Amino acid sequence: MKISFNGAVGIVTGSCYLVEAGNQKVLVECGMFQGIPEVQEMNYLPFNFNPKEISALILTHSHIDHCGLVPKLVNEGFSGRIWCTKATRDLCEIMLLDSAHVQGIKEREEGGVVIYNELDVRKTMKHFRTTEYGDMCEIVPGITARFRDAGHILGSAIIELFAEENGKVTKIVFSGDLGPKDVPIVRDPEIIPDADYLVMESTYGDRLHKGFDKREEMLLGVIEHAFKKRGKLFIPSFAVERTQELLYRIRGFVERGILPPERVYLDSPLAIKATGIFEKYFDLFDKDARAIRRPFHFSGLEYTRTVNQSKKLNSIREPFIVIAGSGMCTAGRIQHHLRNGIDNHNNSVLFVGYQAEGTPGRAIKEGSKSIELFGEKHQIRAEIFSIDAFSGHADYHGLIEWVKGFKEKPRKIFLTHGEPKSAESLREKLEAHGYHAKVPKLYESFEL
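Just add 1082 to wherever you are in the sequence shown, counting from 1, and you've got the working numbering.
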């Protein structure tokens, strides 16, 4: 039995793991590489395996760095089933269609090459099969999987993979992306009792989420500060989960009568669609969110679906909040808002999510004095804020606490989905607690 690491090692994006047992080859994740141009170029390289030989694919959740290359996999000969939860399937469809749309725009405007188009996505969706949390499902003969709630985004899962070879069953657990405890909407990550091997994310393996218990207070403080300056507040936000959490919390401010009297614009067709899917799966919410009839709606919220509606925001003189994608400022309408307003000292930018190395969001967050957008350099005069406590990823304390939930220590823990400093820091912490941890290299394989 063998596992190979084909992405999300040394970097956060491009998750892709190949498990070989008997005559079966099963892929866990097939994500897109995001970040600096050299990393993005990896999306155009051939897979390090033959897609025609892959029996099945398992997806932990719908973020594009976990599912973004699935249409490429299908185009190159994969013909098996794609297993995930129902919510992940629905979210994958809109995420992949949006990815194809963005690629088409870049092809027209920058002369780029598309990896796949919208028709490819439609073809890919026919391969999807779904399962419920807790159910055992046969992925292929000899390999069974069980999906557990990862508490990261709607439908996200921890994968318990049971592979039989030569009459012996080996259990590998894939953490996917683990959410922190005690966040709204989604439930806490489930505790897994046992595993022979564990493949675990390390996004925040070297950091703690400061002010986690005061994140709502900090959000309100930034909104009030921006309003007093009479400027616009730009919030780059991931369309799935982060946007819904922001809407959920702002709705609470409105209900309590403490939000400044300003409009809130959700300027992202993708986020609007994602919010609709969230509402469809309200049964997956935590207890508090299920008790609210319309947890993402409030007076003062407006959806801007069309380009013209988005452009009209530039002419508004009163202060307002705009939530727009993409979360790392790599594409989407947030780039247009920044181009038109980041040089105004009255305006503010608030980051509420992870910013990958090499992205415009990372540069702005780390104090760059200027940023290039649409081929033009813009001075950064807007006030920049960041609330890391809104992260959808557990920090190192949460990751270690989750690992301690195993009744017996896994034989080995493979750390992925983290920049080198983060992964190595988490490895050292786990080793100090008596765990055998390893940070694999790209394309490295291990016999289990």
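For each residue, glycine too, the CB sits at the ideal point set by N, CA and C.
These figures come from a predicted structure and were not determined experimentally.
Between residue i and residue j, is the Cβ-Cβ spacing less than 8 angstroms?
i, j, result
"HIS1143", "GLY1237", "yes"
"LYS1314", "ASN1390", "no"
"ILE1453", "HIS1460", "yes"
"PHE1488", "ILE1164", "no"
"THR1226", "LEU1530", "no"
"ALA1464", "HIS1427", "yes"
"ARG1324", "VAL1434", "yes"
"HIS1515", "ARG1493", "no"
"GLY1423", "PHE1316", "yes"
"THR1206", "LEU1179", "no"
"ARG1345", "GLY1303", "no"
"SER1284", "ALA1321", "no"
"ASP1231", "GLU1272", "yes"
"ASP1259", "HIS1475", "yes"
"CYS1149", "CYS1098", "no"
"ARG1509", "PHE1456", "no"
Measuring only the C-alpha atoms, how far is residue i from residue j?
i, j, result
"ASP1270", "ASP1172", "22 angstroms"
"LYS1263", "THR1498", "21 angstroms"
"PHE1364", "ARG1211", "21 angstroms"
"ASP1470", "LYS1292", "7 angstroms"
"LEU1341", "TYR1330", "13 angstroms"
"TYR1436", "MET1410", "7 angstroms"
"GLN1326", "ILE1254", "32 angstroms"
"PHE1528", "LEU1100", "11 angstroms"
"GLU1281", "LYS1084", "Reading off the sequence shown, one finds Val at residue 1281, where the question assumed Glu. Near 13 angstroms, if we compare the C-alpha coordinates of LYS1084 and VAL1281."
"HIS1234", "GLU1384", "26 angstroms"
"LEU1301", "ARG1444", "20 angstroms"
"GLU1200", "SER1450", "36 angstroms"
"PHE1367", "PRO1502", "34 angstroms"
"GLY1339", "VAL1203", "44 angstroms"
"GLU1506", "LEU1524", "15 angstroms"
"TYR1347", "VAL1431", "15 angstroms"
"PRO1543", "LYS1250", "This structure leaves residue 1543 out entirely; the chain is present only between 1083 and 1530."
Just verifying my parser: in three-state terms, what is the DSSP assignment at residue i?
i, result
"GLU1465", "strand"
"ASP1349", "coil"
"HIS1234", "coil"
"GLY1087", "Going by the sequence as given, residue 1087 is Phe instead of Gly. The answer is strand: DSSP assigns PHE1087 an E or B state."
"ILE1146", "helix"
"ALA1514", "helix"
"THR1441", "coil"
"LEU1290", "coil"
"LYS1250", "strand"
"LYS1188", "helix"
"MET1282", "strand"
"SER1452", "strand"
"ASP1470", "helix"
"THR1325", "helix"
"THR1498", "strand"
"SER1097", "coil"
"VAL1222", "strand"
"ILE1332", "helix"
"VAL1152", "helix"
"PHE1131", "coil"
Name the DSSP bridge partner or partners of residue i?
i, result
"ILE1241", "PHE1229 and PHE1256"
"GLN1106", "ALA1103"
"ASP1172", "Note: ASP1172 sits in no beta bridge, so no partner."
"TYR1363", "DSSP lists no partner for TYR1363."
"TRP1165", "ILE1140 and ARG1211"
"LEU1383", "VAL1346"
"ASP1477", "TYR1286"
"HIS1460", "ILE1453"
"PHE1433", "SER1468"
"LYS1447", "For LYS1447, which the question treats as bridged, DSSP gives no partner whatsoever."
Verify the CB distance criterion: does residue i have a CB-CB separation below 8 angstroms to chain B?
i, result
"TRP1165", "Among the chains of the structure shown, chain B does not appear; only one protein chain is present."
With a threshold of 7 angstroms, establish whether the CB of residue i neighbours any heavy atom of the ligand SAH.
i, result
"THR1357", "As far as ligands go, the structure on display features none, and thus does not contain the ligand SAH."
Quick test of the definition: if touching needs 3 or more C-beta pairs under 8 angstroms, does the region 1151-1167 touch the region 1327-1340?
Contact between the region 1151-1167 and the region 1327-1340 is absent, because fewer than three Cβ pairs lie under 8 angstroms.
Examine the Cβ distances between the region 1212-1227 and the region 1137-1151 and report whether three or more of them are shorter than 8 angstroms.
Touching, yes.
Are at least three pairs of beta-carbons, each pair with one atom in the region 1368-1377 and one in the region 1389-1408, less than 8 angstroms apart?
Segment contact: the region 1368-1377 against the region 1389-1408, fewer than three CB-CB distances shorter than 8 angstroms; contact not assigned.
Count the CB pairs spanning the region 1471-1486 and the region 1286-1304 that are closer than 8 angstroms, and state whether there are at least three.
Between the region 1471-1486 and the region 1286-1304 there are three or more C-beta pairs closer than 8 angstroms, enough to call the two in contact.
With three or more beta-carbon pairs closer than 8 angstroms as the criterion, would you say the region 1085-1104 touches the region 1116-1136?
Yes, they touch.
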